[in-house]
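Below you'll find the structure, written out as structure tokens, and then a few comments.
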Ligand code: IVH
């Protein structure tokens, strides 16, 4: 029997309701919790479907539908402020045809007048609105839901690339009261550093630079924000009227006013030039030090922009061209548990191989048992995975709608899957560990870490060799490497004598690595590369580090109590003490050699520096390292021999002395600037 039209109508109403609830849930996950379960593409598809249904049935459209507003909810903790001009979003396009259709719409709207565009990078961070009054930064707001954002002024002030005062030139004088919009982001380098520090402190790592930037801007403690090294690219300036005839002139103004404006941009006479820019930048994408997710194309003429106007959601004069997703959906073939060098058990999903951002991906990390439970991922599930930068892909969410019922739940192992040893999971920790001292998997991972590039740099010691060395028990701890003979290696590798000799040469050469590398190579829990450097510099030798008390360790700037305890415990373990002794006996260099810091440039060759006051982006140790790596020296007091005094905030008597003696005083930016030019 055909369905009555009222029946059909109520089915559609139900579909619309379900879609709305689903979209709202994903918006909350994305905007409020920073933990999306679906990809942007999937979200856009849900939104498109809802728009289509509402367009076909306008009587079912309600004012609270997600299609009627711009974005998500601002999170709690900061004062909410209404944006004087709403912060709209952008329409997305995913292919060249979409771009051509956008161009056609623009040319139609312009009634045959030529339309030129500005193409710029779509930085993957979070947008900020900065208010300047009398050329002074007075307020910084997040986008929030587009109408109301959060007042994050204190945090915004910590971002080095945001001028607190607009630079004074003729044009700026006329534009005292402006709103500048742009994207706050974390460079890949700053992101990696942040995650390294978090790993050392056993804190959860950020999934990608965008989440890290969003999390950082919403930090309640501005000091923490400063340490995160956020940066900012400005992309728009607003005043009561459009102050510039073209968008590219607005960008030039922003640059002159002291903002960082992304240099990768192009004024394009037509859409073909835009497309060429999109393709060229896609090839460049991985070489940039920050993440982008596409290109933003904007009509250059501001008069045309005003004529075209906006929809409720987005301007008609701009479009985002999204690069192919770094996310994909694939099947989990199995879940296995890997054992790391500290015994940490990490569940890993073996995936049906899938092409993702140019590489075939067949594994993704599941982090720990809690994460598996949170995701409820099972063998046989289809999952959304994401790859960002060089990081190993991770599972974002399960596509529950594709479940058949045959999926198998993951049961955490009761014993180490490699050695069968006991597992422990201390109260409050997310990670379970194998506690067996002689676990072959731990030894292999320790060996690989010891030999890795940033540790003892033993080239040629890879997976296969480490596996053979440990399973044959030829190597029972890392010091056994230094006992290997040519015959041992040839027998293992079943390879030519030449490659065996090369390996032994590499092992021999590793004896002369610096102390920071050795300390890092030992694989002490919580001691990453940076901490290893701090410890090596502070104690000067392996022996002094071995005998350091928790109090002495704790007293070292930047070493917290967790790290101090961990280092102390490691060096007080009898097995580890014997290992250090064996390394020494093998001839491994265990003293810190200050003079041997190889300069990476000679910019400061022979120059003497004195540091004073509080530096804003560098710690004292980092500033010292920077100077030494570039051939300079740091002294503790100012004298006639001093070439430069680097003065930070609240510099005191040393600055007075420098002025008295006529020593050149520079600030931190100049110090860093010297290295760039
Ligand atoms: S223009 C009217 N330009 O993309 C919209 N946005 O998807 C003004 N974004 O919320 C945005 N780089 O956070 C513009 N060069 C750029 C951008 C950019 C990144 C972000 C921005 C915006 C989102 C829209």
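Residue numbers (my numbering): 97 to 773. The C-beta atom is built at its ideal place from N, Cα and C for all residues, glycine as well. Computed from a predicted structure; not experimentally measured.
Subject >> Simplified DSSP assignment, three categories, for residue 209 >> reply: Walking along the chain shown from the start, residue 209 turns up at place 113. Residue state, collapsed to three classes: coil.
Original post:
To the nearest whole angstrom, what separates the beta carbons of residue 560 and residue 540, a pair I think is in contact under 8 Å?
Top reply: Taking the first residue of the chain shown as position 1, residue 560 is located at position 464. Taking the first residue of the chain shown as position 1, residue 540 is located at position 444. Incorrect: roughly 11 Å between the Cβ atoms, too far for contact.
Original post:
Do you know whose CA, among 464, 739, 497, lies nearest residue 479's CA?
Top reply: Here residue 479 refers to the residue found at position 383 of the chain shown. Shortest Cα-Cα distance from residue 479 to any of 464, 739, 497 involves 497.
Subject >> Beta-carbon contacts of residue 318 that lie in its chain and below 8 Å, excluding the five residues immediately before and after >> reply: By 1-based counting over the chain shown, the position of residue 318 is 222. So the list reads 250, 251, 253, 254, once near-sequence residues are dropped.
Subject >> Every unbroken beta strand (DSSP E) inside the stretch 270-306 [3 residues or more] >> reply: 274-281
Original post:
Where does residue 392 land, buried or exposed, given buried means 16+ other C-beta within 10 angstroms?
Top reply: Reading the chain shown from its first residue, position 296 is the one you call residue 392. Using a 10 angstroms sphere on the CB of residue 392, the tally of other CB atoms reaches 16 or more, which defines it as buried.
Original post:
Would you say the beta carbon of residue 279 comes nearer than 7 Å to a heavy atom of ligand 1?
Top reply: Indexing the chain shown from 1 puts residue 279 at position 183. Correct: residue 279 has its Cβ closer than 7 Å to ligand 1.
**OP:** Pull up the distance between the alpha-carbon of residue 744 and that of residue 354, whole angstroms please.
**Re:** Taking the chain shown and counting its residues from 1, one reaches residue 744 at position 648. Taking the chain shown and counting its residues from 1, one reaches residue 354 at position 258. C-alpha separation (whole angstroms): 20 Å.
Subject >> Residue span of the beta strand (DSSP E) that contains residue 326, given as start and end >> reply: Position 230 of the chain shown, counted from the start, is the residue given in the question as residue 326. No beta strand (DSSP E) holds residue 326; DSSP gives it neither H nor E.
Original post:
CA-CA distance, residue 107 and residue 195?
Top reply: Stepping through the chain shown from its first residue, residue 107 is reached at position 11. Stepping through the chain shown from its first residue, residue 195 is reached at position 99. For residue 107 and residue 195, the gap between their C-alpha atoms comes out near 35 Å.
Original post:
How about residue 219: is its Cβ closer than 7 Å to a heavy atom in ligand 1?
Top reply: Mapped onto the chain shown, residue 219 falls at position 123. Under cutoff, so the answer is yes.
Original post:
Does the Cβ-Cβ distance between residue 189 and residue 440 come in under 8 Å?
Top reply: Looking up residue 189 in the chain shown gives position 93. Looking up residue 440 in the chain shown gives position 344. No. Outside cutoff.
Subject >> Coarse secondary structure for residue 619, derived from DSSP in three states >> reply: Position 523 of the chain shown holds residue 619. Correct three-state label for residue 619: coil.
Subject >> Pairwise C-alpha distance: residue 140 and residue 427 >> reply: One-based indexing of the chain shown puts residue 427 at position 331. One-based indexing of the chain shown puts residue 140 at position 44. Cα to Cα, residue 427 sits roughly 23 Å from residue 140.
**OP:** Indicate the three-state DSSP secondary structure (helix, strand or coil) for residue 383 in the structure shown.
**Re:** Here the question's residue 383 lines up with position 287 in the chain shown. In the structure shown, residue 383 sits in a helix (DSSP, three-state: H, G or I).
Original post:
Is it the case that the Cβ atoms of residue 179 and residue 225 are separated by a distance below 8 Å?
Top reply: The sequence position of residue 179 within the chain shown is 83, counting from 1. The sequence position of residue 225 within the chain shown is 129, counting from 1. Yes.
Original post:
Who does residue 245 pair with in a DSSP beta bridge?
Top reply: Here residue 245 corresponds to residue number 149 of the chain shown, with the count starting at 1. DSSP links residue 245 through a beta bridge to 177.
Original post:
What does a CB cutoff of less than 7 Å around residue 109 pick up in its chain, not counting 5 residues either side in sequence?
Top reply: Working through the chain shown from its first residue, we reach residue 109 at position 13. Cβ within range, chain order: 156.
Original post:
DSSP state of residue 503, grouped into three classes?
Top reply: The sequence position of residue 503 within the chain shown is 407, counting from 1. Residue 503: coil per DSSP, three-state reduction.
Subject >> residue 122 classed as buried or exposed, judged by whether at least 16 other C-beta atoms fall within 10 angstroms >> reply: What you label residue 122 is simply residue 26 of the chain shown in a count that begins at 1. Burial call: buried.
Subject >> residue 740 versus residue 418 - alpha carbon distance >> reply: Here residue 740 corresponds to residue number 644 of the chain shown, with the count starting at 1. Here residue 418 corresponds to residue number 322 of the chain shown, with the count starting at 1. For residue 740 and residue 418, the distance between alpha carbons rounds to 48 Å.
Subject >> Assumed close pair residue 750, residue 734 - CB separation to whole angstroms, cut-off 8 Å >> reply: For the purposes of this step, residue 750 is identified with residue 654 of the chain shown, where counting begins at 1. For the purposes of this step, residue 734 is identified with residue 638 of the chain shown, where counting begins at 1. With 8 Å as the limit, residue 750 and residue 734 qualify as a contact, their Cβ atoms being about 5 Å apart.
Subject >> Where the beta strand (DSSP E) through residue 457 begins and ends >> reply: Mapped onto the chain shown, residue 457 falls at position 361. Segment 455-461, the beta strand (DSSP E) holding residue 457.
**OP:** Starting from the Cα of residue 277, find the closest Cα among 350, 208, 297, 206 and give me that residue.
**Re:** Along the chain shown, read from residue 1 onward, the residue named residue 277 stands at position 181. The residue with the shortest Cα to Cα distance from residue 277 is 350.
Subject >> In DSSP terms, what residue 218 is bridged to >> reply: For the purposes of this step, residue 218 is taken as residue 122 along the chain shown, with counting starting at 1. Answer is 390, bridged to residue 218.
Original post:
For residue 602, which residues of its own chain have a beta-carbon under 7 Å away from its beta-carbon, when the five flanking residues on both sides are left out?
Top reply: To locate residue 602, count along the chain shown from 1; it is residue 506. Excluding positions up to five away in sequence, the list reads 554, 555, 556.
Original post:
How many Å lie between residue 780 and residue 376 at the Cα?
Top reply: An answer regarding residue 780 cannot be provided, because it is not within the stretch 97 to 773 covered by the chain.
Subject >> Beta-carbon contacts of residue 667 that lie in its chain and below 6 Å, excluding the five residues immediately before and after >> reply: Stepping through the chain shown from its first residue, residue 667 is reached at position 571. Cβ neighbours of residue 667 beyond the five flanking positions: 642.
**OP:** Take every Cβ of the stretch 504-515, pair it with every Cβ of the stretch 534-552, and state whether three or more of those distances are shorter than 8 Å.
**Re:** yes
Original post:
Since residue 185 contacts residue 240 with CB under 8 Å, what's their CB separation in whole angstroms?
Top reply: Mapped onto the chain shown, residue 185 falls at position 89. Mapped onto the chain shown, residue 240 falls at position 144. Contact doesn't hold; Cβ gap of about 12 Å is too wide.
Original post:
What separation, rounded to the nearest whole angstrom, lies between the Cα atoms of residue 307 and residue 706?
Top reply: The residue you call residue 307 lines up with position 211 of the chain shown. The residue you call residue 706 lines up with position 610 of the chain shown. The straight-line gap from Cα to Cα measures roughly 38 Å.
Original post:
With distances taken from CA atoms, which of 608, 664, 713, 623 is nearest residue 680?
Top reply: The count along the chain shown starts at 1 and reaches residue 680 at position 584. Distance from the Cα of residue 680 is smallest, within the candidate group 608, 664, 713, 623, for 608.
Original post:
Anyone know if the C-beta pair for residue 282 and residue 305 falls short of 8 Å?
Top reply: As a first step, residue 282 is located in the chain shown; it is residue number 186 there, counting from the start. As a first step, residue 305 is located in the chain shown; it is residue number 209 there, counting from the start. Taking 8 Å as the Cβ cut-off, residue 282 and residue 305 qualify as a contacting pair.
Original post:
How should residue 199 be labelled, buried or exposed, when 16 other C-beta atoms within 10 angstroms of its C-beta is the threshold for buried?
Top reply: For this step, residue 199 is matched to residue 103 along the chain shown. The residue is buried, with at least 16 neighbouring Cβ atoms inside 10 Å.
Original post:
Which one or two residues does DSSP pair with residue 708 in a beta bridge?
Top reply: The residue you call residue 708 lines up with position 612 of the chain shown. DSSP output for residue 708 lists 743 as bridge partner(s).
Original post:
Taking the alpha carbon of residue 589 as the point to measure from, which residue in 575, 570, 574, 576 has its own alpha carbon closest?
Top reply: Against the chain shown, residue 589 aligns to sequence position 493. Among 575, 570, 574, 576, the Cα nearest to that of residue 589 is on 570.
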